[in-house]
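In this text, residue positions in the sequence shown follow UniProt numbering: the first is 1, and each later residue adds one. C-beta: ideal position from N, C-alpha, C; glycine also. If you're wondering where the values come from, they're calculated on a predicted model, not measured in any experiment.
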Amino acid sequence: MHVLIVDDEPLAREELNYIISQNENIDTIDEAESVDEAMSKMIDHKPDILFLDIHLTDESGFDLAEKLVNLNNAPYLIFATAYDEYALKAFQVNAKDYILKPFDEVKIEKVLKKAFKSINSRIQDKSDTSIHPIIDSIPIQTDDRIYLVAPDEIYLVSVEERQLNIMLESKNYQMTGSLNKIEEKLPNDIFIKTHRSFILNANKIKEIQPWFNNTLQVIMDNDLRVPVSRSYIKNFKEVLGLN
1 MHVLIVDDEP LAREELNYII SQNENIDTID EAESVDEAMS KMIDHKPDIL FLDIHLTDES
61 GFDLAEKLVN LNNAPYLIFA TAYDEYALKA FQVNAKDYIL KPFDEVKIEK VLKKAFKSIN
121 SRIQDKSDTS IHPIIDSIPI QTDDRIYLVA PDEIYLVSVE ERQLNIMLES KNYQMTGSLN
181 KIEEKLPNDI FIKTHRSFIL NANKIKEIQP WFNNTLQVIM DNDLRVPVSR SYIKNFKEVL
241 GLN
């Protein structure tokens, strides 16, 4: 595996480089201290894993992360920062993990193990598309026709008495079915089950609020309000890096 560390602090880069280099699955480690330098090195030597600081000199790591959102085969993105308040925003730009300074060797080893598993799974999926077809759209069968909807257009899927509601920004579709069946068709790195009746698109989250009885309420970009029940809070927070 090839790793790129982007951080404007030489000591932080050195410490992270040393910890990562102890892992036998790492082949090369490169470093950059700015977004431009990182982009240049990514073109020359495409990294499998990217460790990215948020606060760089006169710029933000999010500037680089946002450039990767629509990139095919983007590196596995891990934010490595001293600030814990950006976890939700990091997830919204497709970050896979979020670690805090000072670096903890056990935590980094755990993060790397998770990265290797994800990358190897993606490679396997590409090598056998007959078994794992790439999902470009979700078929939604209504009474009179079938619509094909891109997953990233879906804000929320809910169910009530086997009536599925697929909610887009300004349009709703209804079809008969189970939440579990449509959950199988949705990318699990984007969609999170928050309740036995709701699955939401994490990229469309605008705000998370405390709610009654130690539950949460999510407000989506289009102002939909979605409950997070107590039995799903732990997983919800873990996926968003809020723990």
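Are residue i and residue j close, meaning C-beta to C-beta below 8 Å?
i: Glu59; j: Val35; result: yes
i: Ile154; j: Asn201; result: yes
i: Val157; j: Leu164; result: yes
i: Leu179; j: Pro151; result: no
i: Ile190; j: Asn203; result: yes
i: Glu184; j: Asn222; result: no
Tell me which residues share the same chain as residue i and place their Cβ nearer than 8 Å to its Cβ, disregarding the 5 neighbours each side in the sequence.
i: Leu88; result: Ile205, Ile208, Leu240, Gly241 and Leu242
i: Ser118; result: Tyr76 and Lys96
Shortest alpha-carbon distance to residue i belongs to which of the options?
i: Asn17; options: Ala202, Ile29, Glu238 and Glu9; result: Ile29
i: Tyr98; options: Asp53, Ser118 and Asp63; result: Asp53
i: Thr176; options: Thr215, Asp143 and Tyr86; result: Asp143
i: Ile43; options: Lys67, Leu56 and Thr57; result: Lys67
i: Glu109; options: Lys46, Thr194, Ser21 and Arg196; result: Ser21
i: Lys41; options: Asp63, Ile5, Ile233 and Tyr76; result: Ile5
i: Leu64; options: Lys193, Glu37 and Asn120; result: Glu37
i: Pro227; options: Asp221, Thr194, Lys234 and Glu238; result: Thr194
Rounded to whole angstroms, what's the CA-CA distance from residue i to residue j? Just pull it up for me.
i: Lys96; j: Gln174; result: 32 Å
i: Phe198; j: Arg13; result: 41 Å
i: Phe116; j: Ile19; result: 16 Å
i: Asn23; j: Lys171; result: 48 Å
i: Asp7; j: Lys181; result: 43 Å
i: Gln124; j: Phe212; result: 44 Å
i: Gly61; j: Phe236; result: 24 Å
i: Ser231; j: Lys113; result: 27 Å
i: Leu224; j: Val159; result: 15 Å
i: Glu161; j: Asn214; result: 27 Å
i: Leu77; j: Ile146; result: 36 Å
i: Glu9; j: Glu33; result: 7 Å
i: Met39; j: Phe51; result: 13 Å
i: Asn72; j: Arg122; result: 12 Å
i: Glu15; j: His55; result: 17 Å
i: Val69; j: Phe91; result: 11 Å
i: Asn120; j: Ile49; result: 12 Å
i: Arg196; j: Tyr86; result: 28 Å
Per the DSSP calculation, residue i is bridged to which residue(s)?
i: Met167; result: Leu156 and Asn172
i: Ile49; result: Val3 and Tyr76
i: Arg225; result: Ile219
Can you list, in chain order, the residues of its chain whose CB lies under 7 Å from that of residue i, leaving out five sequence neighbours each side?
i: Pro210; result: Leu216
i: Asp27; result: Met1 and His2
i: Leu100; result: Thr81, Ala82 and Asp84
i: His45; result: His2 and Asp30
i: Asn25; result: Met1 and Phe116
Return the chain-ordered list of same chain residues with a C-beta closer than 6 Å to the C-beta of residue i, the five sequence neighbours on each side being excluded.
i: Met167; result: Tyr155 and Leu156
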